[in-house]
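Following the numbering used here, the numbering of the sequence shown begins with 82 at its first residue and continues without gaps. Note that beta-carbon positions come from the ideal geometry of N, C-alpha and C, so glycine has one too. Just so you know, these numbers come straight off a predicted model, no measurement behind them. See below for the structure under consideration.
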Amino acid sequence: MTIRAVRVTRFGGPETLEVTELDAPAAGDGRLVVDVTAAGVNFADLSRIAGRYSSAVLLPFVPGSEVVGRIGGRRVVGLSFDGGGFAEKAVLDADAVVDVPDGVTDEQALALLVQGLTAWHLLRGSARLVPGESVVVNAAAGGVGSLAIQLAREFGAGRVIAAASTSEKRRLARELGADAAVDSEPAGYAERVRQANGGHGADVVLDANGGAAVSAGLEALAPFGRVISYGDATHEGRPPIDLGLLAERNVAVAGFWLRPALALPRGYREPLAELLELTARGRLRPITGAQYRLADATQAFSDLASRRTTGKVTLLVSGPGR
Numbered sequence: 082m083t084i085r086a087v088r089v090t091r092f093g094g095p096e097t098l099e100v101t102e103l104d105a106p107a108a109g110d111g112r113l114v115v116d117v118t119a120a121g122v123n124f125a126d127l128s129r130i131a132g133r134y135s136s137a138v139l140l141p142f143v144p145g146s147e148v149v150g151r152i153g154g155r156r157v158v159g160l161s162f163d164g165g166g167f168a169e170k171a172v173l174d175a176d177a178v179v180d181v182p183d184g185v186t187d188e189q190a191l192a193l194l195v196q197g198l199t200a201w202h203l204l205r206g207s208a209r210l211v212p213g214e215s216v217v218v219n220a221a222a223g224g225v226g227s228l229a230i231q232l233a234r235e236f237g238a239g240r241v242i243a244a245a246s247t248s249e250k251r252r253l254a255r256e257l258g259a260d261a262a263v264d265s266e267p268a269g270y271a272e273r274v275r276q277a278n279g280g281h282g283a284d285v286v287l288d289a290n291g292g293a294a295v296s297a298g299l300e301a302l303a304p305f306g307r308v309i310s311y312g313d314a315t316h317e318g319r320p321p322i323d324l325g326l327l328a329e330r331n332v333a334v335a336g337f338w339l340r341p342a343l344a345l346p347r348g349y350r351e352p353l354a355e356l357l358e359l360t361a362r363g364r365l366r367p368i369t370g371a372q373y374r375l376a377d378a379t380q381a382f383s384d385l386a387s388r389r390t391t392g393k394v395t396l397l398v399s400g401p402g403r
């Protein structure tokens with residue numbers, strides 16, 4: 082049996098993607114075959130396609146780590162760091178598969194994998210948010226940021242402040258539950274945060290921008306506050322940290338990477354099930370975006386790379402009209 086899949090045979094940009102016919106994968110010990118209905122598109126996939134990913138990727142390969150689909154009568158969602166998701170059938174570890182409750186769309190379920198789990202672990206694990214504390218979310222309109230705003234409220238934050246680069250993004254953040262929204266430009270950032278927080282520094286700053294944004298976040302902290310750096314979207318790199326200054330102000334900066342967090346006991350299935358249930362109950366609103374057919378994978382990645390998309394970008398893999 083053959084299936085349609087997106088394959089990469091040489092490293093490069095989105096133009097290197099090709100839709101082809103491949104042999105269907107087979108289940109193995111502890112592995113399940115999912116009939117994929119949709120797959121998530123991420124910036125990490127761009128790095129894999131370009132050959133710049135943090136771990137080695139061997140050619141040829143089928144990209145795609147986030148899938149939603151069916152196993153028999155079950156509707157499931159799952160994550161595979163081995164890829165293979167941009168295909169009509171994909172193989173996942175049995176313990177990576179979680180049932181999708183009624184009322185959660187394919188696109189919402191996909192948004193809860195990398196982005197949702199990142200937001201959950203940032204707040205629960207790295208920041209160790211205490212109810213009543215103030216949280217600043219940089220890149221507040223992004224996939225992680227938009228969910229972090231809502232989860233911070235759900236987890237008991239006393240005040241949630243969104244930081245974003247445009248008035249439209251700040252408006253969206255307020256709609257999602259932020260108490261205040263400020264410009265994310267590093268110059269004057271600390272003053273704007275304190276003003277939005279009643280004249281006080283922030284307890285937690287979540288940052289995916291890197292560079293000057295990390296330094297600005299540190300300046301905005303209250304005593305015993307912490308900046309959690311989980312990305313470098315500006316490509317400025319992470320700034321040198323003066324440990325003496327951290328000690329003087331009793332503040333901290335920490336880094337975060339999702340993959341090791343998911344390997345922790347109760348680090349994957351339990352938080353994902355919680356995120357799905359919150360979405361089913363209407364307490365969490367994942368921001369979904371453009372949908373592309375499998376045959377239009379090149380266009381999907383071109384739009385993503387050019388920042389022409391908002392919300393969770395998905396490939397519609399199989400089913401009517403796909």
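Under DSSP, A261 forms a beta bridge with I242. Beta-bridge pairing by DSSP links I309 to L287 and A335. Pairing Q189 with P367 gives a Cβ-Cβ distance under 7 Å. By the 16-neighbour rule on beta-carbons within 10 angstroms, T83 is exposed.
At least 7 Å separates the beta-carbon of T395 from that of L210. Note that the stretch 252 to 270 touches the stretch 220 to 232; at least 3 beta-carbon pairs, one per stretch, sit closer than 8 Å.
E147 is bridged by DSSP to L160. Distance from the CA of A301 to the CA of L324, rounded to the nearest whole angstrom, comes to 17 Å.
In this structure V181 is in contact with R156, their Cβ atoms being roughly 5 Å apart against a cut-off of 8 Å.
Residue burial annotation: W338 is exposed, with fewer than 16 other C-beta atoms found within 10 angstroms of its C-beta. Taking 7 Å as the cut-off, the beta carbon of A283 is found closer than this to the beta carbon of V217. For V89, the enclosing beta strand (DSSP E) has its first and last residue at T83 to V89. By the CB criterion at 7 Å, F236 and L203 fall outside the cutoff. Counting the other CB atoms within 10 Å of its CB gives P95 a total of 16 or more, which places it among the buried residues.
Beta-bridge partners of V178 (DSSP): G159. Taking a contact to require three or more Cβ pairs closer than 8 Å, the stretch 120 to 135 and the stretch 102 to 110 do not qualify as touching.
With contacts defined by Cβ atoms closer than 7 Å, G132 and S146 do not form a contacting pair. Shortest Cα-Cα distance from A177 to any of R252, R112 and H316 involves R112. Per the DSSP secondary-structure output, K170 pairs in a beta bridge with D116. Separation of the CB atoms of L228 and Q196 is rounded to 6 Å, and the pair is thereby assigned contact status at 8 Å.
L228: member of the alpha helix (DSSP H) spanning G224 to E235, first to last residue.
Secondary structure note for G370: its beta strand (DSSP E) is the uninterrupted segment T369 to R374. The shortest C-alpha to C-alpha distance from K393 to any of G206, S265, G280 and T186 is the one to T186. Around the beta-carbon of S136, fewer than 16 other beta-carbon atoms lie within 10 Å, marking it exposed. In the structure shown, F382 falls within a helical segment according to DSSP collapsed to helix, strand and coil. In terms of Cβ geometry, T199 and V241 do not form a close pair [threshold 7 Å]. Taking each of R91, A86, T90 and T101 in turn and checking the Cα distance to A119, the smallest one comes out for A86.
When the five nearest sequence neighbours on each side are left out, the beta carbons in the same chain lying within less than 6 Å of the beta carbon of Y349 are those of L343, in order along the chain.
Listed in chain order, the non-local C-beta contacts of V117 below 7 Å within the same chain comprise V148, G150, G166, A168, E169, K170, A171, V398 and S399, local neighbours out to five positions each way being set aside. If you check the CB distance, R374 and A333 do not come in under 7 Å. Per DSSP, reduced to three states, the secondary structure at E329 is helical.
Residue burial annotation: R364 is exposed, with fewer than 16 other C-beta atoms found within 10 angstroms of its C-beta.
In this structure S207 is in contact with A335, their Cβ atoms being roughly 6 Å apart against a cut-off of 8 Å.
Relative to the Cα of Q231, the nearest Cα in the group V263, L193 and P267 belongs to L193.
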